[in-house]
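Undergrad: Can you read through this structure? Questions will come right after.
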Amino acid sequence: MNKNKCLQCSEAKGQGKAVKCSQCEFFAHANCVSIPEEVCNLLDSSTNLRWFCDRCSSLGPNIKKLTSSVDSLRKDVFNKLSTLNDLNANIKSELENINAVIESNKEKLNKLESSDVFRGELNTLKNDMKVSFADIVSHGIKRHTDDIKAEVKTVQATINDAKQIKERENNLIMFHLPESGSDRVDVMKILKHLSNNVVDANLVHLTRLGKNQTIILDRCF
Ligand SMILES: [Zn+2]
Ligand SMILES: [Zn+2]
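Structure below.
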């Protein structure tokens with residue numbers, strides 16, 4: 000293709016009327032594309048009248064198609080952007096709500112912290128807890144100690160009982176022992192008369208139950 004040659008006959012421009020394509024700027028003889036001389040004059044004198052060669056005219060609709068698809072794409076993008084904007088607005092308002100809740104909670108907390116009543120009640124509660132805990136512990140320990148003491152007393156009593164029973168195992172009772180002299184001497188005389196093995200240490204305890212009455216000898220032998 001040569002811009003100096005007619006699009007139709009491929010000859011040079013020459014002296015005759017010619018039209019130039021507004022798109023590709025190739026020319027064609029007016030006669031070759033059947034354009035009357037008056038139309039050629041109008042095209043020359045007017046800036047709003049344009050001529051397009053066959054090739055560029057056939058491209059026209061494609062450009063329109065392209066333009067319309069670009070337009071629809073642009074609409075899609077615009078719609079998506081507006082959806083995004085809506086989402087952003089929602090998120091923003093949610094965040095604002097959350098912030099408001101946080102702020103209000105902060106305020107409440109500050110009020111509570113600065114409130115003497117609250118502080119006082121908290122201290123009372125703390126003290127109550129301390130006192131009741133100490134009470135519980137001391138009562139518990141006291142009860143436990145009392146139980147142990149009672150148990151020890153019972154054991155002690157049992158031991159004493161056992162001891163007394165053991166001590167009484169070897170008791171002897173003598174009747175009609177004269178009150179002449181020493182009971183111990185008299186009793187030892189009788190015991191030694193009864194057995195050769197008796198020594199003074201065998202008579203552990205001696206008790207007279209009333210005058211001219213019975214003598215109980217504890218722990219003989
Ligand atoms: Zn031509
Ligand atoms: Zn053209």
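Numbering-wise (numbering that gives the first Met the number 0), the sequence shown opens with residue 0 and increments by one.
The beta-carbon is built from N, C-alpha and C at its ideal position, and this holds for glycine as well.
#1: Does ligand 2 have a heavy atom nearer than 6 Å to the CB of phenylalanine 25?
#2: Tell me whether cysteine 20 counts as near ligand 1, meaning its Cβ is closer than 6 Å to at least one heavy atom of that ligand.
#3: Mind checking which residues open and close the beta strand (DSSP E) that includes valine 32?
#4: Could you check what DSSP says for methionine 187 in three-state terms: helix, strand or coil?
#5: Could you tell me whether the Cβ atoms of cysteine 52 and cysteine 31 are closer together than 7 Å?
#6: Whole angstroms are fine: how far does the CA of threonine 66 sit from the CA of aspartate 43?
#7: Give a single yes or no on whether cysteine 52 has its beta carbon closer than 6 Å to a heavy atom of ligand 2.
#8: Helix, strand or coil: which one does DSSP assign to methionine 128?
#9: Can you tell me which of Glu37, Arg207 and Leu190 puts its alpha carbon nearest to the alpha carbon of alanine 224?
#10: Please classify phenylalanine 77: is it buried, with 16 or more other beta-carbons within 10 angstroms of its beta-carbon, or exposed?
#11: Looking only at DSSP bridge pairs, what is valine 18 linked to?
#12: Could you check if cysteine 39 belongs to the surroundings of ligand 3, using beta carbon to heavy atom distance under 6 Å?
#13: Identify the continuous alpha helix (DSSP H) that holds leucine 205 and give its terminal residues.
#14: Have a look at Lys107, Leu171, Asn195 and Ser179 and flag the residue whose alpha-carbon is nearest the alpha-carbon of histidine 204.
#15: Curious, which full-length beta strand (DSSP E) runs of at least 3 residues does the segment 39-73 contain?
#16: Ligand 1: which residues have Cβ under 5 Å from any of its heavy atoms, chain order?
#17: Quick one, are the C-beta atoms of aspartate 182 and arginine 207 less than 7 Å apart?
TA: Let me spell this out:
#1: Locating residue 25 in the sequence shown gives position 26, where the first residue counts as 1. Checking every heavy atom of ligand 2 against the Cβ of phenylalanine 25, one is found closer than 6 Å.
#2: Position 21 of the sequence shown, counted from the first residue, corresponds to residue 20. Ligand 1 has no heavy atom closer than 6 Å to the beta-carbon of cysteine 20.
#3: Your numbering for residue 32 matches position 33 in the sequence shown. Taken as a continuous stretch (DSSP letters only), valine 32 belongs to no beta strand (DSSP E), as it is neither H nor E.
#4: Reading the sequence shown from its first residue, position 188 is the one you call residue 187. Methionine 187 falls in the helix class under three-state DSSP.
#5: As a first step, residue 52 must be located in the sequence shown, where it is residue number 53. As a first step, residue 31 must be located in the sequence shown, where it is residue number 32. In terms of Cβ geometry, cysteine 52 and cysteine 31 do not form a close pair [threshold 7 Å].
#6: The count along the sequence shown starts at 1 and reaches residue 43 at position 44. The count along the sequence shown starts at 1 and reaches residue 66 at position 67. Going by the C-alpha atoms only, they are around 29 Å apart.
#7: For the purposes of this step, residue 52 is identified with residue 53 of the sequence shown, where counting begins at 1. Yes.
#8: Looking up residue 128 in the sequence shown gives position 129. It is helical.
#9: The structure shown has nothing for residue 224, since the chain only spans 0 to 220.
#10: As a first step, residue 77 must be located in the sequence shown, where it is residue number 78. Here phenylalanine 77 is exposed. Its C-beta has fewer than 16 other C-beta atoms within 10 Å.
#11: As a position in the sequence shown, residue 18 is number 19, starting the count at 1. In the DSSP output, where bridge partners are listed per residue, valine 18 has Ala27.
#12: What this structure holds is ligand 1 and ligand 2, not ligand 3.
#13: Within the sequence shown, residue 205 is the residue found at index 206, counting from 1. From DSSP, leucine 205 is part of no alpha helix (DSSP H) but of the beta strand (DSSP E) over 204-207.
#14: Sequence index remark: in the sequence shown, residue 204 carries index 205 (1-based). Of Lys107, Leu171, Asn195 and Ser179, the residue nearest in Cα terms is Leu171.
#15: List check, beta strand (DSSP E) in window: nothing returned.
#16: Every residue passing the under-5 Å Cβ criterion appears here: Cys5, Gln7, Cys8, His28 and Cys31.
#17: Residue mapping note: residue 182 aligns to position 183 of the sequence shown, counting from 1. Residue mapping note: residue 207 aligns to position 208 of the sequence shown, counting from 1. In this structure, arginine 207 lies closer than 7 Å to aspartate 182 by Cβ.
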